[in-house]
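One point on numbering: in this note's numbering, the residue at position 419 of the sequence shown is 414, and numbering is uninterrupted.
Before any comments, here is the structure.
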Amino acid sequence: MIYIILSDRAYDNDVRPIVKSFYPDVSIEIVDKSALIAYQPSDPDGSIKDSSLTLITINIEFEKDRVNIKIKDSQGADYNSFVHTPDPVKERPAYKNAMKRLLYKMLSNLTEKELPWGILTGIRPTKLVYEMLEDGIDEEGIYRWMGQEYLCSEDRINTSILIARREMQLLKELDYRSGYSIYIGIPFCPSTCLYCSFPSFSIERYADLVDSYLDALEKEISYGASCLPNRKLSTVYLGGGTPTSLSAKQLDRLLGLIRESFDFTHVREFCVEAGRPDSITKEKLDLLKKWGVDRISINPQTMQQRTLDLIGRGHTISQIDQAFQMARDSGHENINMDIIIGLPGETPDDVIDTLDKIKLLNPDSLTVHTLAIKRAARLNTEIESYKGLRAEDVPKMLQITKDFMRDNNYLPYYLYRQKNMADNLENIGYAKHGKEGLYNILIMEEKQTILAFGAGAMSKFVFHNRKHIERVDNVKSPKDYISRIDEMIRRKKDFLSKNPDL
Ligand code: SF4
């Protein structure tokens, strides 16, 4: 256990992610200084009485012009330091960053660890760089800012600049400011993966509900197709869940509905996540082609059978190979594959083997995720069962994937991070030239308004003139979505009527 004692709880969310990044496997409890003193009056320095359970105690005092940090380790050794700060009200981000840098340096000394992204805990580091490039800041200025303000490593700054430049190039041809994209969510899957935190419900258990779900979706899509009349549709993404877990008849109905509801004249990409190989059939692949889908994803996550079994994917390696070949035979010329590094029990050798097998298939793009253990995932709720299976040396695995991409002509084109990622790393999308997923850039860099339909879907409205984003969400459960579909439509309607300048 790590105890963090704060004199001002308004900084909880700034302190916790940094401490968690240094101590990913240790539970953290944040307590208020005044509450602690009331609870333990005999312990005026704020250290916790039961030191046998306490790895370290971090005590942070926020003052008007300085922050003091005291760390006490389990042996009773004290480490004290402070930093002079700008005004916490007038220059709040700078005040927070000064505190975070001090905390980072003290924990880095204590653990002898460096974090590649320094104190940058947000999920979109390339968005920051993209905006700096747009504002005319040169690379030297970006290096200075990312390095000194956020303590990012040179390697990560290089990667961020490379990706942001590539994204700019790819979006150059697209009038994304006056266009919009759509996302349609199908929250059903053949089974639930161990690490899943998406809206996902068993297609078998919910089979009776699927047609009503499509009815509700039809209602929401019919409204959505007319609600941004002055904008051109740029990209369409059908995700989930696993859209291909629908039957061929249901998939045909849904794809037909999408094509007939929206004007596809300016659409640059129609992407469908055919994620789970066990949901793919020749008939469904042909339907995707018939309705003009031009990018699909078939996701192995790993090519190690024992890991697939462990994480509950419910399919075999040969099913992955067959699904991929079938897709090629059906004429799909832009196929992405997702892999995850850091899966339970995997080693760098497993990643090498996975990539060797994927190389034989030669997908057009590859997305490398670093395992993030989300609160709702079974991997977290059943954590005791998987404790001994922590993956070895995730940073080395990530480097293996980077070397593979470089050697096989896959270029990085988008990057994002998630909370609770193994070793505080990142996810990177790579693609062969011309095979990039535009929707991925638009959503990750928050460049374009995205209308989202279906259970758990979140619409994002981008106000370019104000550099501002607003979100409108739908309920997560398919049952609630069906019964409250009129309310879901009303939420969008109300938002749009209040924001005529969109
Ligand atoms: S296929 Fe994707 S959405 Fe479905 S359970 Fe697995 S991780 Fe979740």
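The C-beta atom is built at its ideal place from N, Cα and C for all residues, glycine as well.
Practice task
Just mark A450 as buried or exposed, buried being the case when its beta carbon has 16 or more other beta carbons within 10 Å.
Solution key: buried
Problem - Cutoff 7 Å; reference R96; Cβ partners in own chain excluding five residues on either side - result: I114 and L146
Exercise for the section: Could you tell me whether the Cβ atoms of M416 and P343 are closer together than 7 Å? Expected result: no
Practice task
Please indicate yes or no: does the CB of R271 lie closer than 6 Å to some heavy atom of the ligand SF4?
Solution key: yes
Exercise for the section: Spell out a yes or no on whether the stretch 117 to 128 and the stretch 78 to 97 are touching, meaning 3 or more CB-CB pairs, one atom from each, closer than 8 Å. Expected result: no
Exercise for the section: Assign P39 to one of two classes, buried (16 or more other C-beta atoms within 10 Å of its C-beta) or exposed (fewer than that). Expected result: Because the pLDDT of P39 is 48, which lies under 50, any placement of that residue in the model is unreliable, and the number read from its coordinates should be weighed accordingly. So P39 counts as exposed.
Problem - Buried/exposed call for E498, threshold 16 Cβ in 10 Å - result: No answer is possible for residue 498: the residues shown for the chain start at -4 and end at 497.
Exercise for the section: Return helix, strand or coil for V267, following the three-state DSSP convention. Expected result: strand
Problem - Own chain residues within Cβ distance below 6 Å of R254, not counting five before or after - result: W286
Problem - Within-7 Å CB hit, C222 to chain B - result: The chain inventory of the structure shown lacks chain B, comprising one protein chain alone.
Handout entry: T237 Cβ short of 6 Å to the ligand SF4 heavy atom set
Key = yes
Handout entry: F183 Cβ short of 6 Å to the ligand ATP heavy atom set
Key = Annotation note on the ligand ATP: not contained in the displayed structure, which lists the ligand SF4 as its ligands.
Problem - Reduced DSSP category for D289 - H, G, I as helix; E, B as strand; rest coil - result: coil
Handout entry: Delimiting residues of the beta strand (DSSP E) encompassing V467
Key = H463 to D468
Handout entry: Contact the stretch 467 to 474 vs the stretch 225 to 243: 3+ CB pairs below 8 Å
Key = no
Problem - Contact set for D20: own chain, Cβ-Cβ below 6 Å, skip 5 residues either direction - result: none
Practice task
Report, in whole angstroms, the separation of the C-beta atoms of L252 and E213, which I expect to be a contact under 8 Å.
Solution key: 6 Å
Handout entry: Contacting residues, own chain, Cβ-Cβ under 7 Å from D273 (five flanking each side not counted)
Key = P185, G309, H310 and Q314
Exercise for the section: Go ahead and label E431 buried or exposed: buried means 16 or more other beta carbons lie within 10 angstroms of its beta carbon, across all protein chains shown. Expected result: buried
Practice task
On a CA-only basis, which of K414, S217 and D351 is nearest R485? Give me that one, please.
Solution key: S217
Exercise for the section: Determine the closest residue to I368 out of T362, K354, G424 and A386, with distance taken between C-alpha atoms. Expected result: A386
Exercise for the section: Look up V262 in the DSSP assignment and say whether it is helix, strand or coil. Expected result: coil
Practice task
Identify every residue that forms a DSSP beta bridge with H364.
Solution key: I335
Problem - Secondary structure of K474, DSSP reduced to three states - result: helix
Handout entry: Assigned secondary structure, V21 (DSSP; H/G/I helix, E/B strand, else coil)
Key = coil
Practice task
Taking all protein chains shown into account, decide if H459 is buried (16 or more other Cβ within 10 angstroms of its Cβ) or exposed.
Solution key: exposed
Problem - Per-residue DSSP class, three states only, for Q296 - result: strand
Handout entry: Limits of the alpha helix (DSSP H) - the one that I198 falls within
Key = Unbroken run through I198: none, as it is neither H nor E.
Problem - Member of G117, S148 and D210 whose CA lies at the smallest distance from the CA of D481 - result: D210
Exercise for the section: Measure the alpha-carbon distance for L233 versus L384 and round it to whole angstroms. Expected result: 33 Å
Exercise for the section: Report the three-state DSSP secondary structure of P407 (helix, strand or coil). Expected result: strand
Handout entry: Rounded C-alpha distance that separates L4 from Q299
Key = The sequence given here has Arg at residue 4, not Leu. Cα-Cα distance, rounded: 45 Å.
Problem - Cβ pair count under 8 Å reaching 3, the stretch 392 to 404 against the stretch 439 to 450 - result: no
Handout entry: Residue nearest to F17 in terms of C-alpha spacing, selected from R151, P407, Y208 and I51
Key = I51
Handout entry: Residue ranges of each beta strand (DSSP E) within the stretch 64 to 98, 3 or longer
Key = 73 to 79
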